[in-house]
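Scroll down for the structure; my scribbles are underneath it.
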Amino acid sequence: MKSLRVRLTLWFALSFLTVTAVFMFFTYRRLDLQLRKETFQHEYNINPNWILHGSYSEEEVREIMAELVVASLTYSLPLVLVTLLLGYFIARKSLRPIASLNQQLQSITTRTLQRRVELTEADEQFRDLLSHLNDMLARLQQSFTEMSLYAAKVAHELRTPLTILRLKVEQCEGKIEPELAEELQSELHRLSHVVDQSLLIAKADQGRLVWTAARFDLSAMLVELVKDFHLLASEEGRALQWEAPRGCCVETDPRYCKQILHALLTNALMHGRGAITIRLRQRDGRVRFTLANQVRPAARSGEQTLGLGLRVTRALLSLQPTLRFRQHHGSRYHATLLTFPAADGAAGVTTLDKACQLTDVGS
2 MKSLRVRLTL WFALSFLTVT AVFMFFTYRR LDLQLRKETF QHEYNINPNW ILHGSYSEEE
62 VREIMAELVV ASLTYSLPLV LVTLLLGYFI ARKSLRPIAS LNQQLQSITT RTLQRRVELT
122 EADEQFRDLL SHLNDMLARL QQSFTEMSLY AAKVAHELRT PLTILRLKVE QCEGKIEPEL
182 AEELQSELHR LSHVVDQSLL IAKADQGRLV WTAARFDLSA MLVELVKDFH LLASEEGRAL
242 QWEAPRGCCV ETDPRYCKQI LHALLTNALM HGRGAITIRL RQRDGRVRFT LANQVRPAAR
302 SGEQTLGLGL RVTRALLSLQ PTLRFRQHHG SRYHATLLTF PAADGAAGVT TLDKACQLTD
362 VGS
């Protein structure tokens, strides 16, 4: 599909050329009529008293009209080029407010809904559009703020009852069956985790989270997470392969970094199948975390999840622009790439005692 700028350029050029062609056509017909039907008369130079009358022959008329056509075609090519350039310039200038408006709208995120779009030089139609867009942004900001406040309030209200229920279950462990007590504790723990994630998302959307950067060994953190997840993977008969060279030091918030990695591993475990491959690489001043797994077919995936893991990840990543997050969804495989800024040197950073090579933890 052609862009609007190209369409406006072609419309201007075709309009101008159409008017020119119509003008040339009537000029051609008028000149042909005069040369064929009308006579000419002029004074004779030798004797001014003589008046000559006559007309052009058919051959002379054809030669004159042929020269006119050749001249028209000769000048038509530069005319077309000039018309296209002029049309492109006019279209570009006319669409400049739309380009500026598009750029401003792209810069507005959930954290900057208070911003409004504006154009210094805008026609009446653009001013009406700006007014409607700003009204819509105001409504979105109000709705988003109310939704975030409501989610935070609900999460706060649920934390206390869940804590009380967990304490009561612990007090009643001797009065109820051990299996039932364990099941209740597991379910309460899951609900508490969902509430904590919802509260974290609400705080991130409201800009209330503080990102405190610190230098630490990402390899050591990954080892701890892998040890926790290999039991869950082995229960499903899945292998967990990982490669983390020693001393991959980064400078970011360790609390939120661990939550991000935990959410990505949980998502791969719940929505994937087959082996889970994790690699850590340090290159060009960046530490790259790669996670890959096979995609579970939709027909065989009956789990219903809240999808909070990736939501938490994106909410936390929006707080720190130095972290880069990218996902690739294929028909058979799913890959996640997360890059961190590498820390300069390893002084004051806890590292592993040995390098962690590609290992099947589930074996």
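Mapping of the sequence shown onto my numbering: residues 2 to 364, in sequence order.
Each residue gets a CB set at the ideal place from its N, CA and C atoms; glycine is no exception.
Residues of its chain near residue i, where Cβ-Cβ distance is below 6 Å and the 5 sequence neighbours each way are ignored
i	result
A92	R6, L9, T10
S4	none
Backbone CA spacing between residue i and residue j [nearest angstrom]
i	j	result
I65	A22	19 Å
H272	K204	26 Å
E244	S132	54 Å
Q283	I202	30 Å
Y257	I165	27 Å
L102	F290	36 Å
T253	L120	38 Å
R315	R209	15 Å
V20	L311	59 Å
L318	L324	7 Å
G286	K94	42 Å
L82	L15	12 Å
F127	L86	25 Å
I261	L192	19 Å
A344	V288	9 Å
L266	S187	19 Å
T111	V224	34 Å
F24	S108	49 Å
With 16 other Cβ atoms within 10 Å as the buried cut-off, status of residue i
i	result
W12	exposed
F217	buried
A100	exposed
V227	buried
D129	exposed
C250	buried
F341	buried
D206	buried
Limits of the unbroken alpha helix (DSSP H) element including residue i
i	result
L185	179-207
G88	59-107
R167	125-172
For residue i, the first and last residue of its enclosing beta strand (DSSP E)
i	result
A215	215-218
V251	250-253
L281	273-284
A336	334-342
Chain-order list of residues whose beta-carbon lies under 7 Å from that of residue i (same chain, five-residue window excluded)
i	result
L114	L138, L141, Q142, F145
Q295	G273, R274, G275, R333, Y334
L185	V170
F17	T84
R327	L338
E304	Bear in mind that a pLDDT of 44 at E304, under 50, signals an unreliable position, so the number given afterwards is only what the model happens to contain. If we look at E304 and ignore the five residues flanking it on each side, its Cβ neighbours are M271.
For residue i, three-class secondary structure by DSSP
i	result
V296	strand
R6	helix
D244	According to the sequence shown, residue 244 is Glu rather than Asp. DSSP places E244 in strand when its eight states are reduced to three.
F17	helix
Q321	coil
T121	coil
A22	helix
R112	coil
V313	helix
R30	helix
V227	helix
R256	helix
Beta-carbon contacts of residue i that lie in its chain and below 8 Å, excluding the five residues immediately before and after
i	result
V196	A156, L159, R160, L163
P255	A215, F217, M222
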